[in-house]
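**Student:** These protein sequence lines map, in sequence, to chains F and C. Going left to right, the first sequence walks through residues 24 to 616 as my numbering numbers them. Going left to right, the second sequence walks through residues 49 to 255 as my numbering numbers them. C-beta atoms are modelled at their ideal positions from N, C-alpha and C, and glycine is treated no differently.
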Amino acid sequence: MHDMSAHAVPHGAPTSFIRKHVFSLDHKVIGKQYYALALLAALIGMALSWIMRIHLGWGSFAIPGLHLLSSTGAPGNVLTPEYYLQLMTMHGTIMVFFVLTTAPFAAFGNFFLPIQTGAEDMPFPHFNMMSFWVTFVGFWVLIASFFVADGPTLGGWTQYAPLSAIGSVGGPGQGLGVVLWATSIAIFCVGQLFGSLNFITTTLDMRCKGMSLMRLPLTAWGWFITSVMGLTAFAVLMPACILLILDHVAGTSFFVASNLVINDQVLPHSGGSTLLWQHLFWFFGHPEVYIAIVPGMGIVSHVLITNMRKPMLSHRVLIYSMAALAVLSYMVYGHHMFVSGMNPISSLVFSFPTLVITIPSTIVVLMWLGSLYGSKLRINSASLFALGFVSMFISGGVSGFFLAQPSIDIMLHATYFVVGHFHLVMGVAAMFGIFAGTYFWFPKMTGRMMNETLGKAHFILSFIGAYCIFMPFHYLGIAGNVRRYQAFTDDYLIPLIPVHKFITVAALVTGFAQLIFVYNLIHSRFKGAIASDNPWQGTSLEWSTATPPPHNNFGDKMPVVYHDPYQYSVEGASADFIMQTSPEKINSPNEEK
Amino acid sequence: MSQADLTMHGHSTAGAMAEPTFSVPAKKMAMWLFIIADTATFAGCLVAYGFIRNATPNWPRPFHSITNVALMTFILLTSSLTMLIAVREAHAGDKPKAFRWIMITAVAGALFAILHIREWMNMIGEGATLFHNPWGTPLFSSCFFAITGLHLLHVTGGIIALIAVGIRYQGGRYKADDIEITGLYWHFVDLVWMFVVPLVYLLNLSH
Numbered sequence: 024m025h026d027m028s029a030h031a032v033p034h035g036a037p038t039s040f041i042r043k044h045v046f047s048l049d050h051k052v053i054g055k056q057y058y059a060l061a062l063l064a065a066l067i068g069m070a071l072s073w074i075m076r077i078h079l080g081w082g083s084f085a086i087p088g089l090h091l092l093s094s095t096g097a098p099g100n101v102l103t104p105e106y107y108l109q110l111m112t113m114h115g116t117i118m119v120f121f122v123l124t125t126a127p128f129a130a131f132g133n134f135f136l137p138i139q140t141g142a143e144d145m146p147f148p149h150f151n152m153m154s155f156w157v158t159f160v161g162f163w164v165l166i167a168s169f170f171v172a173d174g175p176t177l178g179g180w181t182q183y184a185p186l187s188a189i190g191s192v193g194g195p196g197q198g199l200g201v202v203l204w205a206t207s208i209a210i211f212c213v214g215q216l217f218g219s220l221n222f223i224t225t226t227l228d229m230r231c232k233g234m235s236l237m238r239l240p241l242t243a244w245g246w247f248i249t250s251v252m253g254l255t256a257f258a259v260l261m262p263a264c265i266l267l268i269l270d271h272v273a274g275t276s277f278f279v280a281s282n283l284v285i286n287d288q289v290l291p292h293s294g295g296s297t298l299l300w301q302h303l304f305w306f307f308g309h310p311e312v313y314i315a316i317v318p319g320m321g322i323v324s325h326v327l328i329t330n331m332r333k334p335m336l337s338h339r340v341l342i343y344s345m346a347a348l349a350v351l352s353y354m355v356y357g358h359h360m361f362v363s364g365m366n367p368i369s370s371l372v373f374s375f376p377t378l379v380i381t382i383p384s385t386i387v388v389l390m391w392l393g394s395l396y397g398s399k400l401r402i403n404s405a406s407l408f409a410l411g412f413v414s415m416f417i418s419g420g421v422s423g424f425f426l427a428q429p430s431i432d433i434m435l436h437a438t439y440f441v442v443g444h445f446h447l448v449m450g451v452a453a454m455f456g457i458f459a460g461t462y463f464w465f466p467k468m469t470g471r472m473m474n475e476t477l478g479k480a481h482f483i484l485s486f487i488g489a490y491c492i493f494m495p496f497h498y499l500g501i502a503g504n505v506r507r508y509q510a511f512t513d514d515y516l517i518p519l520i521p522v523h524k525f526i527t528v529a530a531l532v533t534g535f536a537q538l539i540f541v542y543n544l545i546h547s548r549f550k551g552a553i554a555s556d557n558p559w560q561g562t563s564l565e566w567s568t569a570t571p572p573p574h575n576n577f578g579d580k581m582p583v584v585y586h587d588p589y590q591y592s593v594e595g596a597s598a599d600f601i602m603q604t605s606p607e608k609i610n611s612p613n614e615e616k
Numbered sequence: 049m050s051q052a053d054l055t056m057h058g059h060s061t062a063g064a065m066a067e068p069t070f071s072v073p074a075k076k077m078a079m080w081l082f083i084i085a086d087t088a089t090f091a092g093c094l095v096a097y098g099f100i101r102n103a104t105p106n107w108p109r110p111f112h113s114i115t116n117v118a119l120m121t122f123i124l125l126t127s128s129l130t131m132l133i134a135v136r137e138a139h140a141g142d143k144p145k146a147f148r149w150i151m152i153t154a155v156a157g158a159l160f161a162i163l164h165i166r167e168w169m170n171m172i173g174e175g176a177t178l179f180h181n182p183w184g185t186p187l188f189s190s191c192f193f194a195i196t197g198l199h200l201l202h203v204t205g206g207i208i209a210l211i212a213v214g215i216r217y218q219g220g221r222y223k224a225d226d227i228e229i230t231g232l233y234w235h236f237v238d239l240v241w242m243f244v245v246p247l248v249y250l251l252n253l254s255h
């Protein structure tokens, strides 16, 4: 609409405090704001997981002060079954939307995509500012549900109907809690739309001279592909959330079937479809998994290449594989619904692309492993976390082969096997991508280096810790341990409680290791060693500008690009690496045009 | 106007940027992308409607006549034509003419909206609301009002955009390209209506 044309206008360096740090139009400030929001969300999400894990390991243990969070949800500082589910729902929602989508995509993407394409800013700075502040509001709407009468919703981050649509008869938080949840997510979708518009137009239209699409670094490709997915995925989730809100506030019954009896009450709804919600949700939900992981793939490739001092075996194959993941991610969503009562033929149809999507994933992994083979990798916190990402992605991915087949999924569905699978492949892997990006780009973002010793300690504890938490989940799942139970009282579950206790201890230790990271982040921000312009001897455009970059990214002179992004160890060249902006002539067989 | 003509931060970037991909400048690209996203939103709603319609036995077919909807469709299609003329005049540099045609388009849009609201009021008068429907399952009304409401929201937004862009174009702040970009949106709203009519109206004609 007219706004879009109005906003593609230049903006000078800000002078007031508010324009500089609060309602900033600068993509770099917006990127940092997103990062701060994601960090806050991650800490809240992690604290919630601690409470849940303690409850699962030692069900009667009173956590001091817990009643302050909710006096009805945690009387005597012990969780009620319902409140356990409410915390679980908030953990999932906060982590998926406000951490895994926000940090690798919106935070790093905002900061580095325009710099890596050689632009002075994104084409629509006002939209960019709005995308952050809209997301910010969405976050607090979600958090607000902790403080309403019966607390946040307990329906799980997937909010399956009919439970999510029937109102407070479904349990605490199913009334206002769901409405706040759906409102928050609908708001979040708007923010993603603004972000995606900017990311795509930046990539396609804001490249500096000489920067062809194939000369973009893999990070830029990761963000670009992610924004294409985000453009349509969130556009479907938003009307789904609005229909859900209508079911609550306008008396419609899109997602509730006729004559449903809940808690001995016949509900007044008639005629809706419970499966419809799952179709709409997972049409968004599966691309969302790749929205969380593809930016991480880009970041990890970028970090590994810089530290291996050689390009990937094939730049193009990696890009094509990430694009194939994006396309296929829309065709596989039904694999979340194998046991939903959907037509079994549909299961078969969805199973096929689900197995096919493992092919580009495998190609990406083989690219990393093949490129790592024989390379002299520089070991630092960033490259360690990149290796950790590869490891987590493989471990979590392998269990996907099992879940992709309806016959096996019938047994494993809704067990801890699934929980272990997606935590490794999407949760921990994406978090490791965020960590790799943080250690790698922190010098450019703040002008100071992070502490390497603390970083390595953080890595070792997180790596071992994550496996100690999530590998036993697979064992629990195969043993039949159902997910979303708040206590294990059945005969066959009681012998598994020691495993849960082990996981809880591992989760607490791993969680405390994250505090090392937070300390390192804050301490280095103010006391870290001063960073040079190019501390890792990288080649892409972010390393050819000052640290931290000036308001218009490149100072007075726009960059001109002569080479593709990863010219390391080129034969006959004057140095170990050749910057994209270096006019030096080279003979490289791999040079992109 | 190409992207290279944009100046940012006070110094010219002319010649400093690579050619825009597909030679589409950023503003127009953003509108196309918004249209793609909005298509997904409408598609989600229409698929949901189809899903519910198929899953419901005895789906009501309350519409008796297509006179009103045919008239609305005719007006909206005509407004697309007037929009085309406005864009052509704008590119030809005839500002007063272009402005006049933009306003005619906005008036046609308003006419469509009035006819639509009149139809809504009639249906509400017969007892149809989001959660109640005199002809059978309430879901019919829920779907009808949700989908046509979303479309009406887009029409209203379009009218406001047309007037705002038109006035600023006349004042010299906006260029012919901005008229074209607004036109893209207007045609999109029109195109969506061409899906709404058969799916929501014609399929529910009584016979």
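Counting only Cβ pairs nearer than 7 Å, list the residues of chain C close to F/Met234.
**Tutor:** The answer, in chain order, is Ala66.
**Student:** Would you say C/Met56 lies against chain F (beta-carbon separation less than 7 Å)?
**Tutor:** With a pLDDT of 40 at C/Met56, under the threshold of 50, the modelled position of this residue cannot be trusted, and the question is left open.
**Student:** Are any of the Cβ atoms in chain F nearer than 7 Å to that of C/Thr104?
**Tutor:** So, interface residue.
**Student:** How would you list, in chain order, the residues of chain C whose beta-carbon sits under 7 Å from the beta-carbon of F/Met354?
**Tutor:** Going along chain C, no residue has its Cβ under 7 Å from F/Met354, so there is no contact; the nearest lies around 15 Å.
**Student:** How about F/Ser296: is its C-beta nearer than 7 Å to some C-beta of chain C?
**Tutor:** Yes, F/Ser296 lies at the interface with chain C (some Cβ there is under 7 Å from its Cβ).
**Student:** F/Arg640 lies in the alpha helix (DSSP H); which residues open and close that run?
**Tutor:** Residue 640 of chain F lies beyond the residue range present for chain F, which begins at 24 and ends at 616; the question has no answer from this structure.
**Student:** Starting from the C-beta of F/Gly68, find all residues in its chain whose C-beta is less than 7 Å away, skip the five residues before and the five after it, and write them out in chain order.
**Tutor:** Cβ neighbours of F/Gly68 beyond the five flanking positions: His114, Ile117, Met118, Val122.
**Student:** Within the 7 Å Cβ cut-off, does F/Asp228 reach chain C?
**Tutor:** Yes, because at least one Cβ of chain C sits closer than 7 Å to the Cβ of F/Asp228.
**Student:** Please name the residues in the region 145–163 of chain C whose beta-carbon is closer than 7 Å to at least one beta-carbon of chain F, in chain order.
**Tutor:** Cβ contacts with chain F: none found.
**Student:** Report the partner residues of F/Arg471 according to the DSSP bridge assignment.
**Tutor:** Bridge partners of F/Arg471: F/Ile553.
**Student:** Does DSSP classify F/Val326 as helix, strand or coil?
**Tutor:** Helix at F/Val326.
**Student:** Counting only C-beta atoms, is F/Val259 closer than 7 Å to chain C at any point?
**Tutor:** Yes, F/Val259 lies at the interface with chain C (some Cβ there is under 7 Å from its Cβ).
**Student:** Answer yes or no: does any C-beta atom of chain C fall closer than 7 Å to that of F/Ala129?
**Tutor:** No, because no Cβ of chain C sits closer than 7 Å to the Cβ of F/Ala129.
**Student:** Quick check: the Cα distance between F/Phe549 and F/Gly460, rounded to an integer number of angstroms?
**Tutor:** In a straight line, the C-alpha of F/Phe549 is about 19 Å away from that of F/Gly460.
**Student:** Suppose contacts are defined by Cβ-Cβ distances below 7 Å. Is F/Thr533 in contact with F/Gly488 by that definition?
**Tutor:** Yes, Cβ-Cβ distance for F/Thr533 and F/Gly488 is below 7 Å.
**Student:** Using CA atoms only, rank isn't needed, just tell me which of C/His199, C/Cys191, C/Asp225 is closest to C/Asn102.
**Tutor:** Nearest of C/His199, C/Cys191, C/Asp225 to C/Asn102, Cα basis: C/Cys191.
**Student:** For a quick check, are the C-beta atoms of C/Ala88 and F/Leu299 less than 7 Å apart?
**Tutor:** Not a contact, by the Cβ cut-off of 7 Å.
**Student:** Leaving out the 5 sequence neighbours to the left and right, which residues in its chain are closer than 8 Å to F/Trp81 when beta-carbon positions are compared?
**Tutor:** Lys524, Thr527, listed in sequence order.
**Student:** Quick one: which chain D residues come within Cβ less than 7 Å of F/Leu254?
**Tutor:** Absence of chain D from the displayed structure is noted, the protein chains being F and C.
**Student:** Could you run through the region 122–155 of chain F and flag, in chain order, every residue whose CB is less than 7 Å away from some CB of chain C?
**Tutor:** Result list: Glu143, Asp144, Pro146, Phe147.
**Student:** Going by C-alpha distance, which of F/Phe278, F/Leu303, F/His309, F/Phe304 is nearest F/Gly294?
**Tutor:** When only C-alpha atoms are compared, the closest one is F/Phe278.
**Student:** Which residues of chain F have a Cβ atom closer than 7 Å to the Cβ of C/Gly92, listed in chain order?
**Tutor:** Residues of chain F passing the Cβ test: Val259, Pro262, Ala263, Leu303.
**Student:** Is the CB of F/Gly308 under 7 Å away from at least one CB in chain C?
**Tutor:** Closer than 7 Å: no.
**Student:** Assuming F/Ala427 contacts F/His358 under a Cβ cut-off of 8 Å, what Cβ separation, rounded to an integer in Å, is found between them?
**Tutor:** About 6 Å separates the two Cβ atoms, so the contact holds.
**Student:** Just the Cα atoms here: how many angstroms apart are C/Leu253 and C/Met171?
**Tutor:** Answer to the nearest angstrom: the Cα atoms are 15 Å apart.
**Student:** Kindly confirm or deny that the region 396–407 of chain F and the region 318–337 of chain F touch, where touching means at least three C-beta pairs closer than 8 Å.
**Tutor:** The region 396–407 of chain F is in contact with the region 318–337 of chain F.
**Student:** Would you say F/Thr224 lies against chain C (beta-carbon separation less than 7 Å)?
**Tutor:** It does: the Cβ of F/Thr224 has a partner Cβ on chain C nearer than 7 Å.
**Student:** Taking Cβ-Cβ distances below 8 Å as the criterion, which residues of the region 424–442 of chain F are in contact with chain C?
**Tutor:** Here the close residues number zero.
**Student:** Can you tell me whether C/Val240 is buried or exposed, with buried defined as 16 or more other CB within 10 angstroms of its CB?
**Tutor:** Per the 10 Å Cβ criterion, buried.
**Student:** Quick one: what's got a C-beta closer than 8 Å to F/Val164's C-beta in the same chain, skipping five residues either side?
**Tutor:** Excluding positions up to five away in sequence, the list reads Leu203, Thr206, Ser207, Ile210.
**Student:** Can you list, in chain order, the residues of its chain with a C-beta nearer than 7 Å to that of F/Asn504? Leave out the 5 residues immediately preceding and following it.
**Tutor:** Excluding residues within five positions, the ones whose Cβ falls inside 7 Å are Thr438, Tyr439, Leu516, Leu519.
**Student:** If you check the beta carbons only, do C/Thr230 and C/Val213 fall under 7 Å apart?
**Tutor:** Yes, the pair counts as a contact, with Cβ atoms nearer than the cut-off.
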